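In the UniProt record's numbering, the protein residues as written are 1 to 176.
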């Protein structure tokens with residue numbers, strides 16, 4: 001099962017995704033959290049700390065993997081049945097790659113990610129920002145980010161079993 005959870009900044013998408021994963025824990029699945037954020041400045045360090053405090057890990061045991069670049073390889077390495085993996089977030093993963101000095105790395109990693117998702121034994125919940133609802137941004141890198149995020153979201157939504165858009169903390173099923 002592949003579930004894509006989309007939403008804007010501070011929409012509640014991560015909380016919603018964590019709650020879905022916790023439901024798997026309640027029926028005996030092992031839970032893995034793959035975090036893609038990198039703390040490049042003080043503000044991002046604070047955001048990561050807030051996310052860590054807000055995580056709904058409750059009484060269930062979660063395993064954490066921090067992976068800023070090679071998510072497909074990590075997913076393959078940790079894959080097993082009776083497991084759900086939460087990847088939070090795809091747009092941070094994209095940002096890491098766009099800021100990387102090797103421009104060839106993103107197309108390769110995107111291809112590996114899309115290929116591996118359908119081959120996993122684990123169920124996967126992927127969180128991503130919906131950034132295409134606003135105006136076309138100024139600046140080449142900003143436009144590249146919006147384009148790449150949109151194409152990635154479309155590709156994953158196409159293969160996903162479920163797609164949920166979260167707005168103001170409220171989920172809307174786009175694909176069930």
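Even glycine gets a Cβ: it sits at the ideal position worked out from N, Cα and C.
In this text the structure is predicted, and so the values were computed from the model without any measurement.
Leaving out the 5 sequence neighbours to the left and right, which residues in its chain are closer than 6 Å to residue 40 when beta-carbon positions are compared? For residue 40, where only same-chain residues beyond five positions count, there are no Cβ hits under 6 Å.
Rank 175, 146, 148 by C-alpha distance to the C-alpha of residue 160 and give the top, closest one. With distances taken between Cα atoms, residue 160 lies closest to 175.
On the three-state DSSP scale, how would you describe residue 13? DSSP, reduced to helix, strand and coil, places residue 13 within a helical segment of the structure shown.
When we look at the beta-carbon of residue 149 and count the other beta-carbons within 10 Å, is it buried (16 or more) or exposed? So residue 149 ends up on the buried side.
Per the contact definition of three or more C-beta pairs closer than 8 Å, is the region 88 to 96 in contact with the region 122 to 140? Taking 8 Å as the limit for Cβ pairs, the verdict is that the region 88 to 96 does touch the region 122 to 140.
Please return the same chain residues whose Cβ sits closer than 6 Å to the Cβ of residue 65, not counting the five positions on each side in sequence. Correct list, in chain order: 34, 74.
Threshold first: 3 residues or longer. Then list the beta strand (DSSP E) segments lying entirely within the region 25 to 58, N to C. Counting whole runs of 3 or more residues, the region 25 to 58 contains the beta strand (DSSP E) stretches 30 to 35.
Closest by C-alpha distance to residue 122, when choosing among 7, 172, 77: Distances from the alpha-carbon of residue 122 to those of 7, 172, 77 put 77 closest.
Outcome for residue 134 when other beta-carbon atoms lying within 10 angstroms are tallied against a minimum of 16: Residue 134 counts as exposed, since fewer than 16 other C-beta atoms from the protein chains shown sit within 10 angstroms of its C-beta.
What is the residue span of the beta strand (DSSP E) that residue 118 lies within? According to the DSSP assignment, residue 118 belongs to no beta strand (DSSP E), since it is labelled neither H nor E.
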